[in-house]
Each structure stands twice: as C-alpha cells, then as structure tokens.
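Chains C and S, in that order, give the protein sequences. Throughout, the numbering used here is defined as the position within the first sequence, counted from one, plus 190. Throughout, the numbering used here is defined as the position within the second sequence, counted from one, plus 190. No residue lacks a Cβ here, since even glycine has one placed at the ideal position from N, Cα and C. Keep in mind that this is a model prediction, so the values were computed, not measured.
Protein chains: 2
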Amino acid sequence: MSSFGPETADASDVPDFAAVVAALDRLAPWLVRTPVVRSTSFDALCGRRVYLKCENLQHGGAFKYRGALNAVLQRPAAAVGLPVATHSSGNHAAALALAAQARGLACHVVIPEDATASKLAAVVAAGARIRRCPPGLAAREAALADWLAAEPAHLVHPFDDARVIAGQGTAALELLCEVPELAVLAVPVGGGGLLGGTALAARGASPGCRVVGVEPALADDAARSLRSGRRERLEGSPPTLADGLRSSIGWRNFVLLQRCVDEVLTVEETAIVAAMRLVLQHYRLLIEPSSAVAVAALLDGRLGRPGERVGIVISGGNVDLQQCRYLAAPV
Amino acid sequence: MSSFGPETADASDVPDFAAVVAALDRLAPWLVRTPVVRSTSFDALCGRRVYLKCENLQHGGAFKYRGALNAVLQRPAAAVGLPVATHSSGNHAAALALAAQARGLACHVVIPEDATASKLAAVVAAGARIRRCPPGLAAREAALADWLAAEPAHLVHPFDDARVIAGQGTAALELLCEVPELAVLAVPVGGGGLLGGTALAARGASPGCRVVGVEPALADDAARSLRSGRRERLEGSPPTLADGLRSSIGWRNFVLLQRCVDEVLTVEETAIVAAMRLVLQHYRLLIEPSSAVAVAALLDGRLGRPGERVGIVISGGNVDLQQCRYLAAPV
C-alpha cells in the first residue's frame, strides 16, 4: 500500500445508499441518538434556519464511533479472534477502541505525536494499545504497517473503508429523517469518510438537498481534487487548528466526492476559532475546530440562501481546554 | 407585598404532583425535549452513574421557559389583554419574554444591574420592555411594584407561583420517565422553584428517589431554612458566581422544601468553577455557574453512593464567555 492509499479499487467496494440504511439498522441499538439543536439567536445572526446534528454528544465525543463500530460488527470470518488496528489523529482511534471494547476485542492504534492530549487520553481510557509516530499520513501508515507485520490484526482504516464510510453516513441519515427539507447539508472533510457517507445519505433520502464539504484553507486537498479531477494530496501535516482534517482524501471518498458532492469550500483559521466561540455562546455546545469549519462557512454566508434550512453535522467535541483561551476571548 | 414575599398563603395554592403532570401535558408541544446525556469518563471520575438532563438546551437556554410558559398558558380571564410582567436576574426574564412572544403578548421585566450581559441580551432579543434596578430582591420587587402601579400587567413571579413551580417540575418528570431508577436527583436552589417542582415530580413518579437541593455557600438560605424550620433570608445580593441563585427561597417553595426535600447541600465558589470546566471537557456542554453547584456536590462525593444512579437537572447554559477565562485554565 502506498502512503497515499490505493489509486484504484474494485468499484463494488464503494458503498451505496443501501449500505448506509443497513448500517443505521445495525448500529442504532449501540448509538446515542444525538439531538438536532436549534438557536433562534444564531438563526438571526446568519439569516438561515440552522439544524446542528450533535455528534459531539456521540460515544467518544465524535461521529467516528459510527464507522468504527460498523466495521467491527462486519469484520470477516478470517478476522475473528484478531485484534482490530488503525492509525488516527485521535477520534477514530478512540472510536475503534470503544467499539473493540464493546465487542471484547483487543485494539492497536498508531497515533501521531501532534494528536491532542484529550484525544490520546480517550484512547488510553478505552484500553487500546498505542504506538506514537511522527505527524503526517506517510509516517502513520508506515508505523502501522510495521506493527501489523509483527502482530497480525484486522485493519479498520480511518476513512478509506466501505464499512466506515457507510457508518459515517448514518449521522446524516438520522438528521434527514428528522428534518426532511434541508436545502443544504454541510460537513467537514478530512479523509472524506463523513463527506462520502453524508453524500450517499442525502442522495438517497433527500435528492434535492445540496451536499457541501468544508475544509481548512490550510488543508484544501479535497477542494483542489474536485477542481482538478484527480486526487491531490497534502504534504506532511498541515498546521491547521482542525486536527481532525489533516488527512488527504481517500480513494473511495474521492469517487463519492466526484459522484455525489456539489461543492467543497475552504475557510481560514480565524473563522474556525470565531465559529467555535459562537456555537459555545449560542448553543452552549463545545465543538472541536474540525467541526467548526462548516459553521464558519455558514457564518460567511456561503451555505444556502437567506431563510433556507441548512443542516450541519457537528462532527466532534474533543478539545484540549488548556489550549482554548480563545474560547473566552473575542477574536 | 413585603420584599421577602408573603409569609403565608392559601395551602391550596401550593402545587401537587398532578399539577406537574398536567403542566407537562400542556407544555410538551412547546418545549425542546431536552436530551439526557452520559459520559463514561465522567462516571469513572466520580464513581457514580450520572444522568444530566440538559435544560441548557431548552428554549432560552434554561429550564425557566417551562414555568414561565405554564403561567402564561394558565393566566386568568382578568389578565387577558394585559402584558405579563416579572423581575428576574435574567433567565426567568428571557423565558417569560419568549413565552409572551409565543402567545403574542407584551412583556415587562425588571432586571438587576448585576445580571450578566448575555442574559440581558436574550431578553432584549425576545422583545420585552426592560427596567434596570439595583441588585437584591428588595430593590427588584420595589421597582416592579412601581411599574405595575403605573402600567397594569399580569405578574408572573420568578419562583413563588404555583404555575411556575409546576412547570419547572416537568424537567425532572421527563428525566424520571426516561431514567426510572435514580437513587438521587439533585438540582440547584435559588428561589426554589426548580427544587419545589422537582421534589413534587420525584415524590409522585419515583418515591424512592432522594431529592437534594444544592446552593452556593455564599447564598445558603435554603440550607439554613431547612435546619431552622423557618424561612431564612439572604441580605442584599450575595457575591456568588452563580448569578441565578442569589434569591431567598419563596414561601411555597419553603413549604415544599420541608415536605418533600431530603437535604440541601452547599458548595464553595472554586468547586463551582471546577465543575463547569469538567462538564465542558467530559460532556462538551457549556453550563452556567448556577447549574454547576449540583455537579460540584457530586464531585465532592456528597450525592449518592458509589455505583448508584444520580440525576442532575442542568438548569441553564447562559454564560458571558468573556468573563470565563477560567473555563480554559485549570483551577
């Protein structure tokens, strides 16, 4: 496997809407049915009717539990008895560790040195074995390959896995069932698992809904990939505050990006911080910088038209508070 | 009316469990059905199974919408066509303004000068007319009496009103329906509306559940009242960070305190700040200092025994972020 992941794969291994529906059926008993929250003051501020799907209140504090558990519940017969393994900047690692714990499995995770302390603590608390590596996808994949060679385990890739993508789409499917007439549905894009799954859910459940990915301008590979028509990659670990979005888009997710996503927007770092603060003030919810990118695009007036219904999947809420003095200070 | 409220009233004007049930029936279509959230890491920290009922996600960001709307929906025939009026440190004012707005009524509110800016902004946004007054219950009641003399309006007291108390109890009733086997249910106590309503709900729906009020040590009138058997009052406006708990307990609520509440605990200011911070970190929820008092008692090990189920009504989430640098800094 190249450090950028496979360039091609069996087309049948890209999930479809039916896979998202089946995943929700499989996962529902294990999930927090996360609330969809509203704020009249925030609506007034941005001139839209905004619906936030609170995956920061999901097990592990992020949507990642959906995809990780979907993969664990569908592992092949050959993997029974093996640990599960992955590399992740944090949220997928914690999610896989929790999913493994729920099923009585061991879990091995490679975590880069630039992961936030709170995310690392969550992985430790869930009982996973951990190896650290330098930042960047190449180093992560190399460290995991070494470990897998020494100790066989069942790989659950953080985003380029059909089971993971289908699982991530279940958050949007729940949102669309609860709020059927969204004009726009926006989610952050890093490796693209959430965006790919969300696009599948929207195309199947609400075909008229526009699907938008948002990423930091400092990690704009998905926007560039959509423009150029080929997968562009990020070099190293971009210095964005959105630590969950430092990955290049995966192959399957690039296929779904081209097939089902209307647009990818980019936002600046200062807008990310301002969005976190406004969500805390208006919704009383702590969201992580990776979640705030979509809110930032909304505040810029770039999601939907005035008066329209805009949905956002708040992807997670894992933040190191001691690094967040800006939460209490106007930016 | 004395500035401390009436010493006696018609006993039939103290609400009962049936009034709470009727209130929930009346209010349900108007309310956010707020989530009950869990955190495995927080459970591990305090050695209890903790259930937080998130009234910080209620309309107006506090449980106060329940009682205010219940009063508005039950106003007497003589009040039809009149504005509604109250005094409040903020959350009840915003709640009554929102309830009036929902029913197309004018709303007059007296707000003390020490109210937080975010709470004041919410009242303004909901279209109420406002008069400011010095801090302390006596000044608030005097200012409101002046205004009522000049412009007749239907008074909805922030806590010493049977309709308000019954409405506030609906949050606990929802929680007890969702989590039937709580060993302890704890709520903050200021004027005592939430505690009175909660005690009624628990006695009716879950008689074995222990009901505990928690207040700042700097505003400990309910604890002193329970000990002495008579209503003790706070002088002036106590300098607690918990701005919603600076009121002395109301007459009806004192009756309910003696009749249905097991215990009132007090907590220090530093414990309130630490509790706010821990809830933000573990639950990704912003709670106001007045809500944090109950969490602080839990963290002190004073609510329930290890392994027991403890419920807390998180009363609100209205915080001035620029005053909250401590949220990002260890205390």
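Residue-level contact to chain C via CB, S231 (chain S), 7 Å cutoff: yes
Measure the CB-CB distance between A213 (chain C) and N260 (chain C) and report whether it falls below 7 Å. yes
Less than 7 Å between the beta carbons of A389 (chain S) and V404 (chain S), yes or no? no
Between the Cα of E368 (chain S) and those of S:T456, S:R228, S:V300, spot the shortest distance and give me the residue it belongs to. S:R228
So, at 8 Å on beta carbons, what are the nonlocal neighbours of E498 (chain S) in its own chain, with the 5 sequence-adjacent residues on each side left out? R238, R239, A373, V374
So, helix, strand or coil for G403 (chain S), using DSSP? strand
DSSP-derived helix/strand/coil call for T460 (chain C): helix
Compare the Cα-Cα distances from G533 (chain C) to each of C:L416, C:G357, C:I477, C:S396 and report the closest residue. With chain C covering 191 to 521 only, the question about residue 533 (chain C) has no answer from this structure.
Output yes or no for whether 7 Å exceeds the beta carbon distance between L363 (chain C) and A391 (chain C). yes
Rounded Cβ spacing between I462 (chain S) and K243 (chain S) (contact assumed at less than 8 Å): Contact flag wrong, Cβ pair sits at about 19 Å.
Does any residue of chain S bring its CB to less than 7 Å from the CB of V227 (chain C)? yes
Going by Cα to Cα distance, which pick from S:R474, S:A486, S:V500, S:V483 is closest to D510 (chain C)? S:R474
Distance, R449 (chain S) Cα to P325 (chain S) Cα: 31 Å
Cβ shell of S233 (chain S) (< 8 Å), same chain only, five flanking positions each side left out: Correcting the residue type first, residue 233 (chain S) is Asp in the shown sequence and not Ser. Within the same chain, D233 (chain S) has close Cβ partners R239, V240.
Using a Cβ-Cβ cut-off of less than 9 Å, give me the residues of the segment 356-383 of chain S that come near chain C, in sequence order. none
Are the CB atoms of G251 (chain C) and G507 (chain C) nearer to each other than 7 Å? yes
Under 7 Å Cβ-Cβ, which residues of chain C neighbour A461 (chain S)? None at all; the shortest Cβ gap to chain C is about 17 Å.
Under a Cβ-count criterion, where at least 16 other Cβ atoms within 10 Å of its own Cβ denotes burial, should S192 (chain S) be classed as buried or exposed? Since pLDDT at S192 (chain S) reaches only 36, below the 50 mark, its modelled position is unreliable, and the value read off the structure follows with that caveat. Answer is exposed; the Cβ neighbour count stays below 16.
Should A307 (chain C) be flagged as near chain S, meaning a C-beta pair shorter than 7 Å? no
Length at least 4, wholly inside the segment 293-355 of chain S: the alpha helix (DSSP H) runs in chain order: 307-315, 327-340
Between which residues of its own chain and D206 (chain C) is the CB-CB distance below 7 Å, once the five residues before and five after are set aside? L390
Along chain C, which residues have their Cβ under 8 Å away from the Cβ of N281 (chain S)? What N281 (chain S) touches in chain C: nothing, since even the nearest Cβ is about 12 Å away.
Nearest-angstrom Cα distance between L431 (chain C) and H249 (chain S)? 31 Å
At 3 residues or longer, and completely inside the segment 351-388 of chain S: list those beta strand (DSSP E) runs for me, N to C. 374-378
Can you find the residues in the same chain that come closer than 7 Å, C-beta to C-beta, to A484 (chain S), ignoring five residues on each side of it along the sequence? A376, V377, P378, V404, I502
Inter-residue CB distance, G522 (chain S) and G387 (chain S) (contact presumed, cutoff 8 Å): Residue 522 (chain S) lies beyond the range of chain S shown here (191 to 521); nothing can be said about it.
Applying the criterion that 16 or more other CB atoms from any shown protein chain within 10 Å of the CB defines a buried residue, is E245 (chain S) buried or exposed? buried
Please name the residues in the segment 454-478 of chain S whose beta-carbon is closer than 8 Å to at least one beta-carbon of chain C, in chain order. R467, L470, Q471, Y473, R474, L475, L476, I477
Can you tell me where the beta strand (DSSP E) with G440 (chain C) in it begins and where it stops? Here G440 (chain C) belongs to no beta strand (DSSP E), and DSSP marks it neither H nor E.
Below 6 Å CB to CB, which residues in the same chain sit around E453 (chain S) once its five sequence neighbours on both sides are set aside? V402
Over what stretch of residues does the beta strand (DSSP E) that includes G251 (chain C) continue unbroken? Segment: none, G251 (chain C) is in no beta strand (DSSP E) and carries neither H nor E.
Chain S contact residues for G251 (chain C), given Cβ-Cβ distances below 8 Å: R474
If the cut-off is 9 Å on Cβ atoms, which residues from the segment 309-326 of chain S count as contacting chain C, listed in chain order? A311, A312, A315, A316
Do the CB positions of A343 (chain C) and A292 (chain C) come within less than 7 Å of each other? no
Kindly list the residues whose CB is nearer than 6 Å to the CB of A283 (chain S), restricted to its own chain and excluding five residues on each side of it in sequence; keep chain order. V299, I301, V313
Do you know how far the Cα of D351 (chain S) is from the Cα of A393 (chain S)? In the sequence under discussion, the amino acid at residue 393 (chain S) is Arg, which differs from the Ala named in the question. If I take the Cα positions, the gap works out to 19 Å.
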